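Participant: Have a look at the structure that comes next, please.
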Amino acid sequence: MSLPSTPSSALLRKHPAFIAFWFSRIASGFGFQMLSVAVGWQVYSITGRAFDLGLIGLVQFIPSVLLALPAGHVADQFERRRVVLIGQIVEWTAIVLLAALTLLGRIHELGILLLVFVIGVAKAFEAPSMQSLLPALVPTSILPRAVAVSGSAFQMAMILGPAVGGLLYVAGPGVVYLTAAALYLIAATMMAVLRYEQAPPKREPATMKTLFAGVHFIRERKDVLGVISLDLFAVLLGGATALLPIFARDILHTGPWGLGLLRAAPAVGALLMSVWLARHEMQRRVGMIMFVSVAGFGLATLVFAVSTMLWLSLAALFALGAFDMVSMVIRGSLVQLDTPDAMRGRVNAVNSIFINTSNQLGEFESGMLAALVGAVNATLLGGIGTLLVVGLWMGMFPSLRRRQSLHVATGDTESSAEVI
């Protein structure tokens, strides 16, 4: 597998550290998506209870939230590449155990949940370090393009990983686990050979103040607070994808194949947009572009809510994914560039709490609201709510609305760090 064929990818090929990072991320992403499919099918085949599928999400969600702040502190106290590598090795070990227990016929629900919990703990520590690695691998001038190309790895894993996992599951869950383990081994190998292009940050002594420094930094840095909180509320309100099974069966009157297309459409839109963004640098009015993109996300949600035709619903979800990718690249680049390198782990840890909370609670909110007012009305309210949030945030964060460039002067970043 190779990088998308774009002028930006040709530029990024000059940075072997980024290539190792990209391959590591895409290998682990494919492995995790395949693992998720196999675990869900296997647990349901053992118990036959839908409730147990919820437990799989719960045992991953708990460590991602409870360990986020300590994990961010670890990312800023220790070498980030090594933290990611250790996390991937722990995940690989848990997957190998899943494969061995399955192939030996000694697997049971509790064992699966315990090993998934171990993977969740490892991912909780891996995520802030992984997110904070990127600025050390490429020059600041091409970081937004690197974010877009890195995002394409995630989208490809989202599109192809479940499909490949489902096909391999025909041969048994053990085969899926072995394949996922092989991919994680590739990811760990790529991470092991990765070498920084930029000098790592100085480490601060560990104190309670430094543990919560990411929270204080985000509170003081208004642009960072604005983009993180905008993402929280937009995803929380615009969770139409959680209701796709209802739309597929009861509104669009399609079968599992149609549901598969609906699930893939946002990822396809996001992937194609990430390729476009890797070719074109956003140089002006990035604040307004971000707000317009989130508004476009809300409008696409409204179109999806009222659609009764499969092709229109697919188009709306495609646009939803594309708009989300634009705002994600801007948000991700802005947070990375506005944050001093010595604090990126803690800031990204707080950001991950917002992301995990919005994704999980967004699905819960959509489900509960759909139970009360119906799926269509719930999705309509979510789209309207997203548009209202955009309007409110444009008024509450005027500097973010007027922001012209992703890049900030070094002095500005340093002054922000001094208030902590």
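Using our numbering, the first residue of the sequence shown is number 3, and each one after it goes up by one.
The beta carbon of each residue, even a glycine, is placed where N, CA and C say it ideally should be.
Since this is a predicted model, take the numbers as computed values, not measurements.
#1: By how many angstroms is the C-alpha of Val123 removed from the C-alpha of Leu60?
#2: Could you give the residue range of the alpha helix (DSSP H) that holds Tyr198?
#3: So, Met192 versus Ala29, is the Cβ gap smaller than 8 Å?
#4: Can you name, in chain order, every residue of its own chain whose Cβ lies under 7 Å from the Cβ of Met398, other than the five neighbours on each side?
#5: Excluding sequence positions up to five away, which residues of its chain have a Cβ less than 6 Å from the Cβ of Phe293?
#6: Mind reading off the beta-carbon distance from Val39 to Pro137? Whole number of angstroms is fine, and I expect it under 8 Å.
#7: For a test of the three-state rule: what should DSSP assign to Pro141, helix, strand or coil?
#8: Here's the rule I'm using: 16 or more other beta-carbon atoms within 10 Å means buried, otherwise exposed. How should Ala183 be labelled?
#9: Quick one: give me the first and last residue of the alpha helix (DSSP H) that Lys125 is part of.
#10: DSSP three-state call for Ser309: helix, strand or coil?
#11: State yes or no: is the C-beta of Ala77 within less than 8 Å of the C-beta of Ile248?
#12: Quick one: residues in its chain with C-beta nearer than 6 Å to the C-beta of Leu100, no 5 flanking neighbours on either side, listed in chain order?
#13: Helix, strand or coil for Glu222, going by three-state DSSP, please let me know.
#14: How about Phe20 and Leu139: do their beta carbons lie closer than 8 Å?
#15: State yes or no: is the C-beta of Glu111 within less than 8 Å of the C-beta of Ile48?
#16: Indicate the three-state DSSP secondary structure (helix, strand or coil) for Val172 in the structure shown.
#17: Report yes if the C-beta distance between Ala22 and Val195 is below 8 Å; otherwise report no.
#18: Just curious, the alpha helix (DSSP H) that His255 is in, first and last residue?
#19: In the structure shown, what three-state DSSP assignment does Gly50 receive?
#20: Give me the residue from Val67, Gly387 and Gly334 with the minimum Cα distance to Leu227.
#21: Could you please give the first and the last residue of the uninterrupted alpha helix (DSSP H) stretch that includes Ser401?
#22: Please determine, among Tyr186, Val337, Leu371 and Met158, the residue with the shortest C-alpha to C-alpha distance to Ala267.
Facilitator: Quick answer:
#1: The sequence position of residue 60 within the sequence shown is 58, counting from 1. The sequence position of residue 123 within the sequence shown is 121, counting from 1. Straight-line Cα distance between these residues: approximately 12 Å.
#2: In the sequence shown, counting from the first residue as 1, residue 198 sits at position 196. Element bounds for Tyr198: n/a, residue is neither H nor E.
#3: For this step, residue 192 is matched to residue 190 along the sequence shown. For this step, residue 29 is matched to residue 27 along the sequence shown. Against a cut-off of 8 Å, the Cβ pair of Ala29 and Met192 comes out as a contact.
#4: As a first step, residue 398 must be located in the sequence shown, where it is residue number 396. Around Met398: no qualifying Cβ.
#5: Translated into the one-based positions of the sequence shown, residue 293 becomes position 291. Counting only Cβ-Cβ distances below 6 Å, and skipping sequence neighbours, we find Val392 and Met396.
#6: Here the question's residue 39 lines up with position 37 in the sequence shown. Here the question's residue 137 lines up with position 135 in the sequence shown. With a contact defined as Cβ atoms closer than 8 Å, Val39 and Pro137 miss out at about 33 Å.
#7: Indexing the sequence shown from 1 puts residue 141 at position 139. Looking at Pro141 - three-state DSSP - the assignment turns out to be coil, as it is neither helix nor strand.
#8: Taking the first residue of the sequence shown as 1, we reach residue 183 at position 181. Buried: at least 16 other Cβ atoms inside 10 Å.
#9: Start at 1 with the first residue of the sequence shown, and residue 125 comes out as number 123. Start and end: Glu111 to Leu135.
#10: Taking the sequence shown and counting its residues from 1, the one referred to as residue 309 is at position 307. Ser309 falls in the coil class under three-state DSSP.
#11: One-based indexing of the sequence shown puts residue 77 at position 75. One-based indexing of the sequence shown puts residue 248 at position 246. Cβ distance not < 8 Å, so Ala77 and Ile248 don't count as in contact.
#12: Mapped onto the sequence shown, residue 100 falls at position 98. Result list for Leu100: Leu117 and Tyr179, in chain order.
#13: If you number the sequence shown from 1, residue 222 lands on position 220. Here Glu222 sits in helix by DSSP.
#14: Sequence index remark: in the sequence shown, residue 20 carries index 18 (1-based). Sequence index remark: in the sequence shown, residue 139 carries index 137 (1-based). Inclusion of Phe20 and Leu139 in the CB contact set at 8 Å is warranted, their separation being smaller than that value.
#15: Position 109 of the sequence shown, counted from the first residue, corresponds to residue 111. Position 46 of the sequence shown, counted from the first residue, corresponds to residue 48. Contact flag set, yes.
#16: Locating residue 172 in the sequence shown gives position 170, where the first residue counts as 1. Coil.
#17: On the sequence shown, position 20 is the one that residue 22 refers to. On the sequence shown, position 193 is the one that residue 195 refers to. For Ala22 and Val195, yes; Cβs fall inside 8 Å.
#18: Numbered from its first residue, the sequence shown carries residue 255 at position 253. That residue, His255, is in no alpha helix (DSSP H); it is neither H nor E in DSSP.
#19: Taking the sequence shown and counting its residues from 1, the one referred to as residue 50 is at position 48. Note: Gly50 maps to coil in three-state DSSP.
#20: Taking the sequence shown and counting its residues from 1, the one referred to as residue 227 is at position 225. Relative to the Cα of Leu227, the nearest Cα in the group Val67, Gly387 and Gly334 belongs to Gly334.
#21: Residue 401 sits at position 399 when you count from the first residue of the sequence shown. Here the alpha helix (DSSP H) through Ser401 covers Pro400 to Arg403.
#22: Locating residue 267 in the sequence shown gives position 265, where the first residue counts as 1. Selected option, being the one with the closest Cα: Met158.
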